Amino acid sequence: MPVSTAPPTGGYVSKIDSALDQNKLTVLTVILMVIAAAAPFTVIGGGATAGWAVTQVLGIPVAYVAMAVVLGIFSVGYTEMSRHIVNSGAFYAYVTQGLGRVLGLSSAGVAVLAYNFMQIGLYGGFGAVLKGFLADQWGINLAWWVCAGIAWAVIAVLGVLSIEFSGIVLGVLLGAEVIIALIFSVVELAHPAGGTVTFDTVNPSQLFSAGTGAALATAVAGFVGFESTAVYSEETRNAKRNIPRATYLSLLIIGLLYAFCSWAMSVAAGPDKIVEMSTANGTETMFVLVSPHLAEIWLVLGHALFITSLFAALLAFHNTAARYTFALGRERVLFAWFGATGRRFRAPLWGSITQSILALAVLAIFALADKDPVVYLFFWWTVTGGFGVLILMTVTSVAILAYFMRNRDGELAEVSLWRRFIAPGIGAVLLLAVLIVTIVEFDTLLGVKPDDLERYLFPGLFLAAAVVGAVWAAFLRSANPDTYRGIGQGVNAALLSVQPEDTAAHRTGPR
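If you read the sequence shown in our numbering, its first letter stands for residue 32, the second for the next number, and so on.
Structure, rendered in structure tokens:
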């Protein structure tokens, strides 16, 4: 039922429906959307090869395993928070509850920027790959931005339809790409270089070689999306039970798939040749390895699914970004109309439309600038988006610790020590270590010189977003206390807007 946001007195009046479509998503649907956001075929075919080429480190497969373990530990506290705080703002809501409203709104700025980087950046890859595919298969020559525009138009429509329908679309695409990735991997293992299956790239000792930090940072980018399970908590059936299930299952599936398929590639190429081959062939490496052993139709199908993998990720990240904007609009932190949902499908109407408008504007700028969409839009923007999500996960780990330390009564008293303190603490330390290494080696991730502007510009944008969020929160605290009290409160924001400043709920909640 829509939540009324019109307090009887002393508040603002709004007729905006601010409730998402509840109980529409099952565990399977959430898993499909989350894994689709991670874009497994894109990561395997593009992310792993880029990791080898950029870092020159053999252990990309074991780096995926290591990050799966780190994120698994992080997920213990993260999913426990999802049982107690149901909010489509996810990271933003958790940081608010743990560290206060000022830092919460700072994290919201980082989240909106990070997911926009991820979503819009993917258009560059989609446009370039579809352009090449059409030219090779049918001799159709279109500009990359026209190809990207096709995806944009479809996603703009799907974004305002039922989230359940988006889940069906993503499920079909995801199933096909996982099947083809596994087929390619089996073929690669059946034809190992030198006739011997090797395990060099999954040897844990690879984690202690030079350049490991960049390899781990590359692996982090591949997992971005798994954390979005909590973003769909308001729309999921029995969310307190199903969101944790979806998170763990998604992480397990993604981690195993990445490690297995990237290891298979290294077996087919040979551990002494995989870096060289990845540098020479880029995203075609996987296809080069299987082409001698498969009919042409399999290669065409693989390229087609590479395109649909990018599309699935575009749609999934569009949904995530739109829901963060929706959460901020519902709480009146942004314009109230951002919190509107469509009357029929209950999707975040203006959050989705705004996301589409922003993406179109960026595509227009890049088209006019005539910049390489793969390097400057796809690679730079998605790597930067992954960095932003890493910041969010690190801060959220600290927020989870603070939340459970401050709240020990009622049902929270029954939460185990492992879920309350130990796992979040270990996760915070491990994520902070990866974050520091990523910052130090950010020039390597972008492929630029250490003193180039971009090396500082992209990380600096997240600092700027955090500062803007904090300043805006400080302004709201004095200029609009009602809105300030609603920060990070989700559907309860409207109720808090009519509570007196000195209520017990306000005194014990986030500041």
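From the three backbone atoms N, C-alpha and C, an ideal C-beta is built for every residue, glycine too.
From a predicted model like this one, the values you see are computed outputs, not experimental measurements.
query: C-alpha distance - MET98 paired with GLY517, whole-angstrom precision; result: 35 Å
query: Inter-residue spacing [alpha-carbon to alpha-carbon] between TYR10 and LEU394; result: No answer is possible for residue 10: it lies beyond the span of the chain, which begins at 32 and ends at 542.
query: Through-space distance from ALA505 to ARG363, alpha-carbon basis; result: 15 Å
query: Complete runs of the alpha helix (DSSP H) confined to the stretch 441-516 [at least 4 residues]; result: 454-471, 473-477, 484-510, 512-516
query: Three-state secondary structure assigned by DSSP to PRO323; result: coil
query: Coil, strand or helix - PRO379 by DSSP; result: strand
query: Reduced DSSP secondary structure (H/G/I, E/B, other) of LEU365; result: coil
query: Separation of THR427 from LEU165, as counted between CA atoms; result: 43 Å
query: Backbone secondary structure at VAL391 - three-state DSSP; result: A quick correction: the sequence has Leu, not Val, at residue 391. Helix, per DSSP.
query: Under 8 Å between C-beta atoms of LEU408 and ALA295; result: no
query: Boundaries (first-last residue) of the alpha helix (DSSP H) holding PRO92; result: 91-115
query: Reduced DSSP category for THR267 - H, G, I as helix; E, B as strand; rest coil; result: strand
query: Boundaries (first-last residue) of the alpha helix (DSSP H) holding LYS162; result: 132-169
query: contact_flag[the stretch 123-137, the stretch 279-295] where n(CB pairs < 8 Å) is 3 or more; result: no
query: The stretch 223-239 / the stretch 286-303 touching (three or more Cβ pairs under 8 Å); result: yes
query: For LEU283, three-class secondary structure by DSSP; result: helix
query: Cβ neighbours of PRO323 in the same chain (closer than 6 Å, five flanking residues each side left out); result: none
query: Residue range of the alpha helix (DSSP H) that includes SER236; result: No alpha helix (DSSP H) holds SER236; DSSP gives it neither H nor E.
query: Proximity to TRP412 [Cα-Cα], best of ILE422, LEU89, MET112, ALA252; result: ALA252
query: Endpoints, the alpha helix (DSSP H) within which VAL306 is located; result: 305-312
query: Element boundaries [alpha helix (DSSP H), containing ARG437]; result: 411-437
query: Identity of the residues DSSP links to THR372 by a beta bridge; result: PRO379
query: For PHE348, the nearest candidate out of SER509, LEU56, GLY190 (CA to CA); result: GLY190
query: Euclidean distance between Cα positions of TYR146 and GLY417; result: 8 Å
query: Among LEU336, VAL262, TRP368, nearest to VAL74 - alpha-carbon criterion; result: LEU336
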